[in-house]
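Working notes for the structure below.
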Amino acid sequence: MRIVNTCRRNRILASLILAFVVCGMMYAKLIHALYPPVLPYFHLEVPYFEPEVKDDFPTSTSAPRIPHIIHQTYKSEEIPSDFVKNVQSFVHFNRNWTYMFWTDATARQLIEARYPAFLVLWDNYRSNINKADALRYFVLYEFGGIYADLDFECLRALDPVTRKYAAIFPLEPFEHSAFRLKIPFLLNNAIMMSRPRHPFLKFMIDNLIAFQMQLEQLDVAGPSFVTTNFVLYYKLKGNDLYKLNSTPDGMLPYFYEGSMDETDENAVYVPNTHFFMNTLSTSGLNEQYFTDTCLHLSPDSSTLLKRGCNELRRRKSRDSERQFRFTFTMHHWSETYSPSWKKVWHTYTNIRSIIPTSMLQIYSE
């Protein structure tokens with residue numbers, strides 16, 4: 001009887017300890033939500049990576065330089081239903097545009113018919129991610145227009161974006177490049193815009209073979225590939241990557257973007273992150289990681305990390321109206337290649353039931 005009572009007391013004690021631990025964790029989360037930690041501000045000659053946006057995106061009254069074509073892609077015409085509202089948002093705000101949808105099958109048809117020299121490369125890519133990355137450069141070079149991943153939501157009409165510049169390659173948020181990769185900037189490939197036959201796209205296409213065997217997926221044909229090719233295209237040197245623009249216009253990121261005029265037919269315009277890539281990834285090294293890094297950052301840390309912390313502090317200080325005032329697209333960072341996405345069961349919807357017939361084009365030779 002004494003042994004039974006002892007076991008019972010131990011179970012009760014263990015339950016009480018567990019309850020205290022759980023309550024403590026819940027209390028800590030509540031305190032953190034009510035009183036979030038104040039991030040430090042680092043006093044630097046140039047405290048941020050880019051200016052605060054106070055005006056709308058630069059545009060003109062001229063005819064579009066970038067065709068009014070939206071390109072999106074998935075393995076087949078059946079897309080995850082999670083993305084239906086995102087796709088519909090592009091239709092809603094851009095009803096007079098053409099919508100071109102690409103599948104694995106139609107992508108290979110395009111390469112085989114119009115870029116046969118790259119077919120061996122295409123068929124020998126180690127991952128479908130590499131094909132998905134490379135495809136967007138081919139379709140923009142061939143047709144021009146705007147490419148957007150399916151986890152992008154359109155917030156307003158894209159017409160003004162197409163008039164002033166020949167190519168627009170947005171950056172990932174500066175917190176990503178500073179904290180994740182320890183580099184001053186990272187061009188993304190989740191949303192891009194260009195006129196057809198732009199030489200920067202041709203430059204990247206011609207370099208796909210040379211980068212095929214890179215170990216990291218980002219380097220094979222992803223954002224790091226785009227960033228490296230941007231540096232090569234503009235013939236930037238190592239020190240140029242940390243050089244600041246000597247004549248900032250009050251909207252452009254501060255990093256040096258080369259000497260070519262931004263409206264030149266062959267230039268690549270790199271806009272403020274406010275307009276197209278205005279949200280942080282929620283997985284991996286995410287906002288919580290960035291916050292923890294800044295709270296424990298040493299005064300001797302690099303200027304790069306200090307600017308990253310200042311950017312994060314500024315982001316957290318904005319209300320939603322200021323954060324998205326002039327934003328065209330919102331990235332929801334679904335990251336369909338991640339294990340967490342693949343563990344979840346998804347329903348699927350055919351793209352033909354989402355896009356009006358008058359807008360939709362499926363490539364066929």
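Be aware that the sequence shown starts at 1, since it is given in the working numbering, and climbs by one per residue.
The C-beta atom is built at its ideal place from N, Cα and C for all residues, glycine as well.
DSSP three-state assignment for residue i, whether helix, strand or coil
i, result
"T59", "coil"
"A167", "strand"
"T349", "strand"
"E365", "coil"
"F255", "strand"
"F42", "coil"
"E175", "helix"
"W102", "strand"
"P339", "helix"
"T73", "strand"
"A33", "Here A33 scores only 46 on pLDDT, less than 50, and its place in the model should not be relied on; the value that follows carries that caveat. If DSSP states are grouped into helix, strand and coil, A33 belongs with the helices."
"H331", "strand"
"L181", "helix"
"P160", "helix"
"S358", "coil"
Residue i classed as buried or exposed, judged by whether at least 16 other C-beta atoms fall within 10 angstroms
i, result
"G250", "exposed"
"H32", "The pLDDT assigned to H32 is 47, lower than 50, so where the model puts this residue is not dependable, and the model offers no usable value."
"R126", "exposed"
"M369", "The structure shown has nothing for residue 369, since the chain only spans 1 to 365."
"E311", "buried"
"R315", "buried"
"W370", "As shown, the chain starts at 1 and ends at 365. That puts residue 370 outside it, with no answer to give."
"T367", "Lying outside 1 to 365, the shown extent of the chain, residue 367 is not represented and no answer is given."
"S76", "exposed"
"R307", "buried"
"V120", "exposed"
"Y269", "buried"
"A267", "buried"
"K237", "exposed"
"R195", "buried"
"S334", "buried"
"L44", "exposed"
Supposed contact pair residue j and residue i - C-beta distance, whole angstroms, cut 8 Å
i, j, result
"I191", "F152", "6 Å"
"F275", "P170", "7 Å"
"Q217", "I129", "5 Å"
"E257", "N245", "7 Å"
"M193", "V226", "So it is not a contact: roughly 13 Å between Cβ atoms."
"S340", "S283", "7 Å"
"I66", "M100", "14 Å between Cβ atoms; not a contact."
What alpha helix (DSSP H) runs, 4 residues minimum, are completely inside the region 110-152?
Fully enclosed alpha helix (DSSP H) runs of 4 or longer: 119-123 and 128-143.
Those runs of the beta strand (DSSP E) which lie wholly inside the region 188-244 and span at least 3 residues:
Within the region 188-244, the complete beta strand (DSSP E) runs of at least 3 residues are 191-194.
If we count Cβ pairs, one from each stretch, closer than 8 Å, do we get three or more for the region 84-100 versus the region 121-135?
Cβ pair count under 8 Å is below three, so no.
I'd like the ranges of any beta strand (DSSP E) spanning at least 3 consecutive residues and lying wholly in the region 258-285.
For the region 258-285, not one full-length beta strand (DSSP E) segment reaches 3 residues or more.
Taking only runs of the alpha helix (DSSP H) that begin and end inside the region 280-328, which ones reach a length of at least 4 residues, in chain order?
Runs found: 287-295, 303-317 and 320-323.
So, do the region 128-137 and the region 54-67 have three or more beta carbon pairs nearer to each other than 8 Å?
Contact fails: fewer than three Cβ-Cβ distances are below 8 Å.
Contact between the region 322-338 and the region 154-166 is defined here as three or more beta-carbon pairs at a separation below 8 Å; is this criterion met?
Because the criterion of three Cβ pairs below 8 Å is met, the region 322-338 and the region 154-166 touch.
Is the region 156-168 in contact with the region 265-280, if contact means three or more CB pairs nearer than 8 Å?
Yes, they touch.
Any contact between the region 142-149 and the region 216-234? By contact I mean 3 or more CB pairs, one from each, below 8 Å.
Put simply, the region 142-149 does not touch the region 216-234. Fewer than three CB pairs are less than 8 Å apart.
Is it a yes or a no for the region 281-294 touching the region 197-211, going by three-plus beta-carbon pairs under 8 Å?
Contact between the region 281-294 and the region 197-211 is absent, because fewer than three Cβ pairs lie under 8 Å.
At least 3 beta-carbon pairs within less than 8 Å: the region 76-92 vs the region 181-189:
Verdict: no, contact absent.
Do three or more CB pairs link the region 108-115 to the region 73-80 at distances below 8 Å?
The region 108-115 and the region 73-80 do not touch, with fewer than 3 CB-CB distances between them shorter than 8 Å.
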